[in-house]
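Numbering (my numbering), first residue to last: 18 to 119. Since the structure comes first, as C-alpha cells, the remarks are kept for the end.
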C-alpha cells in the first residue's frame, strides 16, 4: 500500500523557562490508507505532541524539524501534500514527496 502519511525525522521542542525542551526526537512512521495505527507510551512520552503535529495544531512557540507529509491523490500521477507548517494543500509530483521542512 502507498503511504497516506509519511513522517521522517520529526523532532518537536517547546520553549520553557528560556530553554528548549525536546518533546519528540527523530520520529519516523508511515501510515497507509485504511491502516490503523496506535501510538502508545508512558505519560510524558510525546503521544499528544505527535498527534498535535500530525493535525497541524502545535502552538506557534514550538519548534518543528523534519518532514511530515500527507499524500492526498488527485490523479494517478500527481499527489497533494498537506503540510501543517505550510498551511494548506499543494499539488506535487511524486518525485517531490520527500522534503525537509523546518
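Each residue gets a CB set at the ideal place from its N, CA and C atoms; glycine is no exception.
Taking DSSP's pairing of strands, which residues face residue i in a bridge?
| i | result |
| --- | --- |
| residue 37 | 32 |
| residue 49 | 20 |
| residue 27 | 44 |
From residue i to residue j, what does the alpha carbon distance come to, in whole angstroms?
| i | j | result |
| --- | --- | --- |
| residue 42 | residue 77 | 18 Å |
| residue 75 | residue 57 | 19 Å |
| residue 21 | residue 37 | 31 Å |
| residue 64 | residue 71 | 11 Å |
| residue 48 | residue 62 | 20 Å |
| residue 80 | residue 86 | 17 Å |
Using only alpha-carbon positions, find the residue among the options that is nearest to residue i.
| i | options | result |
| --- | --- | --- |
| residue 31 | 48, 69 and 84 | 69 |
| residue 19 | 83, 51, 33 and 55 | 51 |
Between which residues of its own chain and residue i is the CB-CB distance below 8 Å, once the five residues before and five after are set aside?
| i | result |
| --- | --- |
| residue 45 | 24, 25, 26 and 27 |
Go through its chain and collect everything with a Cβ distance to residue i's Cβ below 7 Å, but skip five positions before and after it.
| i | result |
| --- | --- |
| residue 40 | 29, 30, 31, 63 and 66 |
Ignore the nearest five residues each way along the sequence and tell me which others in residue i's own chain have a CB closer than 6 Å to its CB.
| i | result |
| --- | --- |
| residue 54 | 48 |
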